[in-house]
Every structure is written in structure tokens, then in C-alpha cells.
Amino acid sequence: MLIAIGSLTVIGLALGGILGTAARLLAVKVDPLESDLQALLPGSQCGQCGYVGCAQAAKALAQGDAAVTLCPPGGKAVAEALARRLGVTVDLSTHVDRGPEYAAIDEALCIGCTRCIKECSVDGIVGATKQMHTILFEACHACGKCIPVCPTDAIKMHPVQVTLGTWHWPKPVAAH
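Okay, so the sequence shown: first residue is 721 according to the numbering used here, each after it adds one.
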């Protein structure tokens, strides 16, 4: 019995040592700037910026290949945070911040084509072929990718109504 315990201990130590060495030798170097920029982005992976996800957008920002205003869902606040982290100035005078929105389907116009379901990256649309569809308000992150694919223009963006659950205290203005 002691031989079995001893052999398992030796095997465990040998494999642990091999895995530890492999982890050090094969580690992928991550740019801390990319990690910081990715943390500032919303993380919705909507693709509106032209990149597949927020990680690729953060990499492009870190390399200087993209503007800090690349994220439509993030709006003005994200653009300012990205500019502050990168140490650049950004002109947001023409930027229109629409506030939080969600998509909704006019059920009378929906023909059940399922094009919007295929386009939704968060599975926020429920429905079946040739049946009416519905967008789950809680899941929608207002990327708007479902709007151009709808053949009947049944999908519209609506502002989030201010309720006790969605109201936030406004941030104080900094004294100069």
C-alpha cells in the first residue's frame, strides 16, 4: 500500500512540475494597456465598432488603429474614459448621447422570418419561424443589429423609461 501511495505522489509531483514549467514557458504575454481598455468597454460584444468583440477593439485602441469614439453603446462616457486612459484629447461636441435604449418589436408587423434572432448576439429575441417574435427587455443591450435585417421594419429603438428601478442619482458637477 505504501508503494501505491508513494508512486501516486511521485507521479503527481512530476506532472505538477511539468504543468508549472509549461505554464511559464508557454504563457501569452498580455499588454496591460489592452486589459485596462477592455475593462472600460461595455463588454456587450455587439460588433458595432467594426471589431468582432471588445477584446479586439481594445487591442486596436492600444495599437492606435482605432478612435476612442468607436463604441456606440458606450456613448460619451466610455469615449471620455478611453481618452483619459490613453492620454489623448477627444472632441465630443458633435456627439449625441441618446441615453439608455432597448429594442422592441411591433408584433402586428412581425412575419416570423427569424432574421433578427440570427443577428442577436445575446439571445435576447424569442420566437420561432412564421411565429411572432418578442425581444426580452432585460437581455437587450441596444446594439441595434436587429433593426436593419428586419424586412418589415417591425423593430424600433425606445428609450428606457425612468422608474424606481432604472433611476440613478446624477453625478455631482466637479468644482473648478
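Built from N, CA and C at the ideal position, the CB exists for glycine as well.
Item                                                                                                                         : Value
Three-state secondary structure (DSSP) at LYS796?                                                                            : helix
Looking at C-alpha atoms only, which residue of VAL808, ALA799, ILE867 and CYS863 is the closest neighbour of CYS830?        : ILE867
Does the Cβ-Cβ distance between CYS774 and GLY763 come in under 8 Å?                                                         : yes
Restricting to runs no shorter than 3 residues, where is the beta strand (DSSP E) found entirely within the segment 842–875? : none
Compute the Euclidean distance between the alpha carbons of VAL750 and LYS779, then round it to the nearest angstrom.        : 10 Å
What three-state label does DSSP hand PRO879 in the structure shown?                                                         : strand
Using only the alpha-carbon positions, how far apart do CYS791 and TRP889 sit?                                               : 24 Å
State the Cα-Cα distance for the pair ILE738 and GLY770, rounded to the nearest angstrom.                                    : 41 Å
Measuring only the C-alpha atoms, how far is ARG835 from GLY767?                                                             : 17 Å
Does the Cβ-Cβ distance between VAL900 and HIS853 come in under 8 Å?                                                         : With the chain covering only 721 through 896, there is no way to say anything about residue 900.
Please classify ALA786: does DSSP put it in a helix, a strand, or coil?                                                      : coil
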